[in-house]
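Student:
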Amino acid sequence: MIAYVPGITQDPPAPAPAPAPAPAPAPTPAPAPAPAPADEVSDDTIVPGGDAHDGYDPLLDDTIVVRREPPRPTATLVWDDGAVHTVDGFTLFGRNPAGEGETVAVRDESLSLSKTHFALDVDGDGAWITDRHSTNGVVIVRGGDRIDVVPGERTPLVEGDVLEMGDRTATYGAPA
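Residue 152 in full-length UniProt numbering sits at position 152 of the sequence shown, and the numbers go up by one each step.
1. Please classify Gly160 as buried or exposed, where buried requires at least 16 neighbouring CB atoms within 10 angstroms.
2. Could you please give me the residues that DSSP links to Gly173 through a beta bridge?
3. Using a 10 Å radius around the Cβ and a threshold of 16 neighbouring Cβ atoms, would you call Ile140 buried or exposed?
4. Taking the straight line between their C-alpha atoms, what separation do you get for Asp123 and Asn136?
5. Mind checking Ile129: buried by the 16 CB within 10 Å criterion, or exposed?
6. Measuring straight from C-alpha to C-alpha, what distance separates Asp88 and Gly173?
7. Check whether the Cβ of Phe90 lies closer than 7 Å to any Cβ atom in chain B.
8. So Thr103 and Leu92 are supposed to be a Cβ contact under 8 Å. How far apart are they, rounded?
9. Does the stretch 102-116 come close enough to the stretch 146-163 that 3 or more CB-CB pairs lie under 8 Å?
10. Would you list the one or two residues that DSSP bridges to Glu109?
11. Given this structure, state the Cα-to-Cα distance separating Val66 from Arg72, to the nearest angstrom.
12. With a Cβ-Cβ cutoff of 7 Å, do Gly94 and Ser114 count as a contact?
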(Lines of atoms letter the chains of each structure in order from A and count residues from 1; the text may use other names and numbers.)
(Lines give C-alpha, C1' and ligand atoms only; values in the text may rest on other atoms or scores of the structure.)
Protein backbone atom coordinates (compact mmCIF):
# COMPACT_ATOMS: atom_id res chain seq x y z
CA MET A 1 0.00 0.00 0.00
CA ILE A 2 1.14 3.49 -0.85
CA ALA A 3 1.17 5.79 2.11
CA TYR A 4 1.95 9.17 0.54
CA VAL A 5 1.69 10.67 -2.90
CA PRO A 6 2.86 14.30 -3.16
CA GLY A 7 0.02 16.68 -3.87
CA ILE A 8 -2.63 14.02 -3.31
CA THR A 9 -2.31 12.89 0.27
CA GLN A 10 -2.19 15.30 3.14
CA ASP A 11 0.51 14.15 5.62
CA PRO A 12 3.95 13.04 4.63
CA PRO A 13 5.07 9.81 6.18
CA ALA A 14 7.04 9.89 9.35
CA PRO A 15 10.75 9.95 8.78
CA ALA A 16 12.42 6.60 8.72
CA PRO A 17 14.12 5.71 11.91
CA ALA A 18 17.79 6.49 12.04
CA PRO A 19 20.00 3.54 11.32
CA ALA A 20 21.41 1.78 14.37
CA PRO A 21 24.91 2.80 15.19
CA ALA A 22 27.58 0.36 14.09
CA PRO A 23 28.52 -2.02 16.87
CA ALA A 24 31.63 -1.16 18.80
CA PRO A 25 34.57 -3.43 18.01
CA ALA A 26 35.09 -6.30 20.49
CA PRO A 27 37.91 -5.71 22.94
CA THR A 28 41.15 -7.46 22.01
CA PRO A 29 42.27 -9.93 24.65
CA ALA A 30 45.49 -9.18 26.43
CA PRO A 31 48.41 -11.20 25.09
CA ALA A 32 49.21 -14.39 27.05
CA PRO A 33 52.16 -14.04 29.40
CA ALA A 34 55.42 -15.39 28.10
CA PRO A 35 56.20 -18.90 29.41
CA ALA A 36 58.58 -19.09 32.35
CA PRO A 37 62.08 -20.29 31.57
CA ALA A 38 62.54 -24.04 32.12
CA ASP A 39 64.54 -23.63 35.32
CA GLU A 40 61.79 -21.51 36.92
CA VAL A 41 58.81 -23.88 36.71
CA SER A 42 56.31 -23.30 39.47
CA ASP A 43 55.72 -26.06 42.04
CA ASP A 44 52.02 -25.78 41.20
CA THR A 45 52.56 -26.88 37.61
CA ILE A 46 50.27 -29.75 36.70
CA VAL A 47 51.05 -31.91 33.75
CA PRO A 48 47.78 -33.23 32.37
CA GLY A 49 47.69 -36.96 31.76
CA GLY A 50 45.43 -38.87 29.50
CA ASP A 51 43.45 -42.02 30.08
CA ALA A 52 44.54 -43.39 26.72
CA HIS A 53 47.67 -45.21 28.00
CA ASP A 54 48.35 -48.30 25.91
CA GLY A 55 50.02 -50.18 28.80
CA TYR A 56 53.41 -50.45 27.13
CA ASP A 57 56.29 -49.63 29.43
CA PRO A 58 59.64 -50.49 27.85
CA LEU A 59 61.34 -50.71 31.24
CA LEU A 60 58.82 -53.25 32.53
CA ASP A 61 58.28 -55.15 29.29
CA ASP A 62 62.00 -55.92 29.01
CA THR A 63 62.35 -57.03 32.64
CA ILE A 64 63.12 -60.70 33.18
CA VAL A 65 62.04 -62.15 36.51
CA VAL A 66 64.65 -64.51 37.92
CA ARG A 67 63.39 -67.03 40.44
CA ARG A 68 65.94 -68.04 42.99
CA GLU A 69 65.62 -71.19 44.97
CA PRO A 70 66.11 -70.75 48.70
CA PRO A 71 69.54 -71.92 49.81
CA ARG A 72 69.64 -75.60 50.63
CA PRO A 73 70.47 -76.49 54.22
CA THR A 74 73.86 -78.06 54.78
CA ALA A 75 75.40 -80.22 57.48
CA THR A 76 79.04 -80.87 58.25
CA LEU A 77 80.92 -83.90 59.52
CA VAL A 78 84.37 -83.23 60.98
CA TRP A 79 86.33 -86.48 61.10
CA ASP A 80 88.89 -87.58 63.69
CA ASP A 81 91.71 -87.04 61.16
CA GLY A 82 90.59 -83.41 60.48
CA ALA A 83 88.82 -84.13 57.18
CA VAL A 84 85.63 -82.09 56.74
CA HIS A 85 82.66 -83.10 54.60
CA THR A 86 79.72 -80.74 54.01
CA VAL A 87 76.55 -82.23 52.57
CA ASP A 88 73.29 -80.67 51.34
CA GLY A 89 71.10 -83.69 50.69
CA PHE A 90 71.16 -87.47 50.71
CA THR A 91 74.79 -88.66 50.91
CA LEU A 92 76.30 -92.13 51.37
CA PHE A 93 79.52 -92.62 53.39
CA GLY A 94 81.86 -95.62 53.55
CA ARG A 95 85.18 -97.02 52.34
CA ASN A 96 83.90 -97.16 48.74
CA PRO A 97 80.18 -96.28 48.84
CA ALA A 98 77.82 -97.23 46.04
CA GLY A 99 74.16 -96.41 45.51
CA GLU A 100 71.78 -93.54 44.84
CA GLY A 101 72.70 -89.97 45.78
CA GLU A 102 76.06 -88.39 46.47
CA THR A 103 78.87 -90.59 47.77
CA VAL A 104 81.83 -89.80 50.02
CA ALA A 105 84.72 -92.26 50.37
CA VAL A 106 86.16 -92.17 53.90
CA ARG A 107 89.79 -93.18 54.46
CA ASP A 108 89.87 -96.24 56.74
CA GLU A 109 93.15 -98.15 56.85
CA SER A 110 91.85 -100.54 59.56
CA LEU A 111 88.91 -101.60 57.33
CA SER A 112 86.48 -101.07 60.24
CA LEU A 113 84.04 -99.19 57.97
CA SER A 114 81.79 -101.07 55.59
CA LYS A 115 81.90 -100.36 51.87
CA THR A 116 78.64 -98.34 52.21
CA HIS A 117 78.45 -97.75 55.97
CA PHE A 118 75.79 -95.04 56.54
CA ALA A 119 73.67 -92.37 54.88
CA LEU A 120 73.35 -88.77 56.03
CA ASP A 121 70.21 -86.98 54.84
CA VAL A 122 69.75 -83.19 55.23
CA ASP A 123 66.62 -81.15 54.49
CA GLY A 124 64.79 -78.11 55.86
CA ASP A 125 63.69 -80.04 58.96
CA GLY A 126 67.16 -81.19 60.06
CA ALA A 127 69.54 -84.08 59.50
CA TRP A 128 69.21 -87.84 59.93
CA ILE A 129 71.64 -90.71 59.90
CA THR A 130 70.75 -94.20 58.68
CA ASP A 131 73.00 -97.24 59.25
CA ARG A 132 73.12 -99.08 55.91
CA HIS A 133 73.33 -102.51 57.62
CA SER A 134 77.05 -102.07 58.24
CA THR A 135 79.19 -104.71 59.97
CA ASN A 136 80.29 -102.51 62.91
CA GLY A 137 77.18 -100.28 63.15
CA VAL A 138 76.85 -96.61 64.10
CA VAL A 139 76.70 -95.22 67.65
CA ILE A 140 75.72 -91.62 68.46
CA VAL A 141 77.37 -90.15 71.57
CA ARG A 142 75.14 -87.31 72.80
CA GLY A 143 75.79 -85.62 76.15
CA GLY A 144 77.54 -88.71 77.50
CA ASP A 145 74.75 -91.08 76.39
CA ARG A 146 75.38 -93.75 73.74
CA ILE A 147 72.58 -94.26 71.23
CA ASP A 148 72.76 -97.28 68.89
CA VAL A 149 71.45 -96.42 65.42
CA VAL A 150 69.03 -99.16 64.30
CA PRO A 151 70.05 -100.39 60.81
CA GLY A 152 67.68 -99.13 58.11
CA GLU A 153 65.96 -96.54 60.38
CA ARG A 154 66.44 -92.78 60.13
CA THR A 155 67.70 -91.34 63.41
CA PRO A 156 67.71 -87.55 63.97
CA LEU A 157 71.01 -85.83 64.70
CA VAL A 158 71.66 -82.94 67.10
CA GLU A 159 74.50 -80.45 66.70
CA GLY A 160 77.57 -81.71 68.52
CA ASP A 161 76.68 -85.42 68.23
CA VAL A 162 79.76 -87.64 67.91
CA LEU A 163 79.31 -90.55 65.52
CA GLU A 164 81.31 -93.72 66.20
CA MET A 165 81.73 -96.13 63.28
CA GLY A 166 84.26 -98.93 63.76
CA ASP A 167 87.61 -97.27 64.54
CA ARG A 168 86.51 -93.86 63.12
CA THR A 169 84.61 -90.94 64.67
CA ALA A 170 83.05 -87.79 63.23
CA THR A 171 81.38 -84.79 64.90
CA TYR A 172 78.13 -83.53 63.41
CA GLY A 173 77.52 -79.81 62.78
CA ALA A 174 73.89 -78.68 62.41
CA PRO A 175 72.38 -77.58 59.09
CA ALA A 176 73.22 -73.99 58.22
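Beta carbons are placed, not taken as given, at the ideal position from N, Cα and C, and that holds for glycine.
Tutor: Here's the rundown:
1. exposed
2. Bridge partners of Gly173: Thr76.
3. So Ile140 ends up on the buried side.
4. 27 Å
5. buried
6. 12 Å
7. Reference to chain B is not applicable here, since this structure consists of a single protein chain.
8. 5 Å
9. Counting Cβ pairs under 8 Å, fewer than three are found: no touch.
10. In DSSP, Glu109 forms no bridge with anything.
11. 18 Å
12. yes
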